[in-house]
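Structure first, then comments.
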Amino acid sequence: MNPSRVIRLRHGACVPLAELPRLEFSSFRNTLLDEVAGEARVVSLFGHPGGEGLDLYAVLARDWKGELVLLHTRVKESFPSLTPECPQVHLFERELAEQYGVRPQGHPWLKPVRFHQRWVKGADIWGRRDDEHPIPGDMDFYRVEGEEVHEVAVGPVHAGVIEPGHFRFQCHGEEVMHLEISLGYQHRGIEQMLRGGPHPASIYQLEAAAGDTTIGHATAYSQLIESLAGVKVSLRTHAIRAIALELERLANHVGDIGALAGDVGFLPTASFCGRLRGDYLNLTAELCGSRFGRGLVRPGGVQFDLDPARAETLTQRLKVLAAETRGAIELCFDSPSVLARFEGTGRVTADDAEALGLVGVAARACGLVRDVRLHRNFGNGETRFDTPVIETDGDVFARGNVRRREIYASHRLIDEDLKRLPAGEIRTALPALAPESLGISLCEGWRGELVHVGITDAQGRLARYKIVDPSFHNWSALAMALRGEQISDFPLCNKSFNLSYCGFDL
Amino acid sequence: MLNIVRERLRQGHRTGTFPKEAPKLPERFRGLPTIAQNLTPAECAEVAAACPFAALGCSDSQLQIDLGRCLFCADCPAAARGALTFSGDYRLAVRKREDLLLEDKAHRLADKLDKRMRKLFGRSLKLRQVSAGGCNACEADLNVLGTLVFDLGRFGIQFVASPRHADGLIVTGAVTENMKGALLETYAAVPEPKLVIASGACAIAGGPFRDSPEAHNGIGDLLPVDLYIPGCPPHPYTALDGLLRLLGRL
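Those protein sequence lines, which keep their order, are chains A and B. Each residue of the first sequence is one higher than the one before, counting from 1 in my numbering. Each residue of the second sequence is one higher than the one before, counting from 507 in my numbering.
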């Protein structure tokens, strides 16, 4: 008998907890490892305190089949770590240790993730006290010893207008031997605040999980609540959400290419793209009044309609912007001095990308075909997205070029969506959520795959809400990309990933 | 090279005409609310209780809105009752926390700094930005001020890399427990006299993360604030307007 529960997933799914068999840990472990050795990857792994011990849930994706595999087991104070055999769960296990005080035995890199107060009382595996808040960055950083080896520490407050994080470089001269990234400074306790919900404040907290991915996280959350409530939203809702998601992608990708150009000192593209990014944000504001899409996506639908006049305005403005964007970007990708800095810098191999479980732009730049839009299309199953953008070199150029090609693809997608906007209601009333169920929702944000999982209690309230932002997987890739690079290339490599601190910290 | 020049001509001159001309914002933009007093005391209390962030209140059964807590959201329970409408007015920044409490009186916009401070900072203001537990949208829209559309530099205002080079801090985020120490140390590293600007609902009052066990409700209890810029996130023109008012340039 196959011990796992397999579901086909479109945009969201809901399974009664009773239908999810609880496996012995050894069976859980073997199934997970077998699946990962085959064609699956881990999209989420999290805990939820059960009767005695901690319930563990794993969600694996078999991308090509459009299937999800759900696994469930229960552990006590410790369990044998899966990380040595399956590195992509390394952060999930550290997270479990930090939140619930369970020890993944044999984890090779067992350090705190976000430096927050424990979620359950009792002994901390790092010996930190219950009555004191942990100190961020208080852990043993990996060190390289030796003559002429030096350590560079940066942050949490950085030189630009950016979020806080701490970086430790182990350098030999200019060469970086190892980079360790310690985050948690932006930890606002979102998952804990969502418990007992959905609360009136929940949607706002999700919209602000990562501000640049407002539409993405709000869509993932809404899909989850809709599937737990057993509601199907209209095709028009799906279309408006899809347009907003592509606008979000455009604004961020264009901004990123501008920033990459700026980091190698190619100012024309940096300046043009800085302006164009704002223009794309203004298109989103045209739709809903907010440049970041605040207030647009709500469980059950969207809050603003795209009337024909507005759709026409968007089409016309997008046409002008598309031409200007192409001009600005091609300038940079035509310039040998820029390409010389992009090509071969910050390389991540496809094997490493696969082992670390990368998603989104970073994964597609390494040749991995991972795009939720492809495998889990919206609405009635009719897909309009069939060609994910794939590059194979895994370097700064590849990550830039994925963005460049996705920008052009997004222009086409929005244009088509605007032309054939389905009729229908834009908002449906939501009944109560199904009690004792597990809901899953995936959404391709501009950075990559957003995974939201919710478990409801007997009253249909959210007992556990788990968010996986693409940055959660991908920060490790930045550390890998820096190995053997010059420390002065860090800003360029960092920008080529442009990962979220707050999306990781939650 | 020729291509660069050609593209430069095609992209054109894009710097906005602000502050000479008011910017044109999208029709659905939600700015300064106007309050219509059409609620009974019971309705007023009901509406106030429905705001998840306690931005709405009643004093003598008169509806009040705290722009510091308000996210300018599209689901406002008072707006749904017609007791409040969001205008397109982006000018929101004030000098005092109590000025953010809006009733039906006129909104009191930020006063300029005193003469001595204007002499010091009026023509050149260097700010160190500290991001302390928000969502990065505030930071993103402050960054936008550096683009050629807003061109913050032409007003003599600049974001600098070190607190030692700065005349003040512009803080975003609700101040997480994990950023409190770094924020206070950065403040201490700015030479006197110094300014503190709270940008966004999080920095003013905790925003969507109000009363989180892992965060403070903004910087109000931690630092003396000279300018409050409301919004979630504030529109770049809201921030620019506030900065220019502070310097007496508007």
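The C-beta atom is built at its ideal place from N, Cα and C for all residues, glycine as well. On a predicted model such as this, the values are computed, not experimentally measured, just so you know.
So the candidates are the options; which of them puts its Cα closest to the Cα of residue i?
{"i": "Lys602 of chain B", "options": "B:Tyr596, B:Ala612, B:Ala616, B:Glu609", "result": "B:Ala616"}
{"i": "Asp505 of chain A", "options": "B:Ala721, B:Leu749, B:Gly713", "result": "B:Ala721"}
{"i": "Arg575 of chain B", "options": "B:Leu598, B:Leu752, B:Ala589", "result": "B:Leu598"}
{"i": "Thr237 of chain A", "options": "A:Gly230, A:Gly460, A:Thr219", "result": "A:Thr219"}
{"i": "Pro388 of chain A", "options": "A:Arg364, A:Asn401, A:Glu132", "result": "A:Arg364"}
{"i": "Leu339 of chain A", "options": "A:Lys319, A:Met139, A:Val264", "result": "A:Val264"}
{"i": "Phe79 of chain A", "options": "A:Thr284, A:Glu207, A:Tyr100, A:Val254", "result": "A:Tyr100"}
{"i": "Gly748 of chain B", "options": "B:Phe715, B:Ser718, B:Val702", "result": "B:Val702"}
{"i": "Gly503 of chain A", "options": "A:Thr214, A:Leu281, A:Leu245, A:Arg420", "result": "A:Thr214"}
{"i": "Glu513 of chain B", "options": "A:Gly197, A:Arg310, A:Cys332, A:Glu85", "result": "A:Cys332"}
{"i": "Trp119 of chain A", "options": "A:Glu191, A:Val359, A:Cys14", "result": "A:Glu191"}
{"i": "Glu35 of chain A", "options": "A:Cys493, A:Ile225, A:Gln88, A:Asp131", "result": "A:Gln88"}
{"i": "Tyr596 of chain B", "options": "B:Arg755, B:Glu645, B:Arg670, B:Tyr743", "result": "B:Tyr743"}
{"i": "Gly454 of chain A", "options": "A:Ala423, A:Ser227, A:Pro268", "result": "A:Ser227"}
{"i": "Ala322 of chain A", "options": "A:Asp395, A:Arg404, A:Asp393, A:Pro198", "result": "A:Arg404"}
{"i": "Leu179 of chain A", "options": "A:Ala153, A:Ala201, A:His187", "result": "A:Ala153"}
Under the rule that 16 or more other beta-carbon atoms within 10 Å means buried, what is residue i, buried or exposed?
{"i": "Met1 of chain A", "result": "Low local confidence applies: a pLDDT of 41 at Met1 of chain A is under 50, so the model's placement there is unreliable, and no value is given."}
{"i": "Ser471 of chain A", "result": "buried"}
{"i": "His193 of chain A", "result": "First, the residue type needs correcting, since residue 193 of chain A is Met and not His in the sequence shown. Counting Cβ neighbours within 10 Å, Met193 of chain A comes out buried, since at least 16 surround it."}
{"i": "Ala398 of chain A", "result": "buried"}
{"i": "Gln105 of chain A", "result": "exposed"}
{"i": "Ala612 of chain B", "result": "exposed"}
{"i": "Met507 of chain B", "result": "exposed"}
{"i": "Asp63 of chain A", "result": "buried"}
{"i": "Tyr142 of chain A", "result": "exposed"}
{"i": "Arg412 of chain A", "result": "exposed"}
{"i": "Thr83 of chain A", "result": "buried"}
{"i": "Lys495 of chain A", "result": "buried"}
{"i": "Leu538 of chain B", "result": "buried"}
{"i": "Val75 of chain A", "result": "buried"}
{"i": "Thr678 of chain B", "result": "buried"}
According to the Cβ coordinates, are residue i and residue j closer than 8 Å?
{"i": "Thr653 of chain B", "j": "Gly278 of chain A", "result": "yes"}
{"i": "His107 of chain A", "j": "Gly137 of chain A", "result": "no"}
{"i": "Ala209 of chain A", "j": "Ile467 of chain A", "result": "yes"}
{"i": "Ala580 of chain B", "j": "Gly295 of chain A", "result": "yes"}
{"i": "Ile257 of chain A", "j": "Gly400 of chain A", "result": "yes"}
{"i": "Val666 of chain B", "j": "Lys632 of chain B", "result": "yes"}
{"i": "Tyr693 of chain B", "j": "Leu729 of chain B", "result": "yes"}
{"i": "Ser637 of chain B", "j": "Ile181 of chain A", "result": "no"}
{"i": "Arg622 of chain B", "j": "Leu675 of chain B", "result": "no"}
{"i": "Gln570 of chain B", "j": "Leu608 of chain B", "result": "yes"}
{"i": "Val233 of chain A", "j": "Gly293 of chain A", "result": "no"}
{"i": "Val696 of chain B", "j": "Gly522 of chain B", "result": "no"}
Distance cutoff 8 Å, beta carbons only. Does residue i sit that close to anything in chain B?
{"i": "Gly146 of chain A", "result": "no"}
{"i": "Gln99 of chain A", "result": "no"}
{"i": "Gln459 of chain A", "result": "no"}
{"i": "Ser500 of chain A", "result": "yes"}
{"i": "Met1 of chain A", "result": "Only weak support exists for where Met1 of chain A lies, its pLDDT of 41 falling under 50; the value from the coordinates is given anyway. It does not; no Cβ of chain B falls within 8 Å."}
{"i": "Phe510 of chain A", "result": "What is shown of chain A runs 1 to 506, which leaves residue 510 of chain A out entirely."}
{"i": "Arg275 of chain A", "result": "yes"}
Please check if any C-beta of chain A sits within less than 8 Å of the C-beta of residue i.
{"i": "Pro525 of chain B", "result": "no"}
{"i": "Ala554 of chain B", "result": "no"}
{"i": "Gly724 of chain B", "result": "no"}
{"i": "Met685 of chain B", "result": "yes"}
{"i": "Thr692 of chain B", "result": "yes"}
{"i": "Phe661 of chain B", "result": "no"}
{"i": "Cys576 of chain B", "result": "no"}
{"i": "Ile510 of chain B", "result": "yes"}
{"i": "Ser718 of chain B", "result": "yes"}
{"i": "Ala680 of chain B", "result": "yes"}
{"i": "Leu648 of chain B", "result": "yes"}
{"i": "Arg755 of chain B", "result": "no"}
{"i": "Pro532 of chain B", "result": "yes"}
{"i": "Gln635 of chain B", "result": "yes"}
So who's on the other strand from residue i, going by DSSP bridges?
{"i": "Gln459 of chain A", "result": "Note: Gln459 of chain A sits in no beta bridge, so no partner."}
{"i": "His541 of chain A", "result": "Because residue 541 of chain A is not part of the residues shown, which for chain A are 1 to 506, the question remains open."}
{"i": "Cys171 of chain A", "result": "A:His150, A:Val176"}
{"i": "Thr349 of chain A", "result": "Answer is none; Thr349 of chain A lacks a bridge partner."}
Is any heavy atom in the ligand FAD found nearer than 7 Å to the beta carbon of residue i?
{"i": "Ile7 of chain A", "result": "The ligand FAD is not part of the structure shown, which contains no ligands of any sort."}
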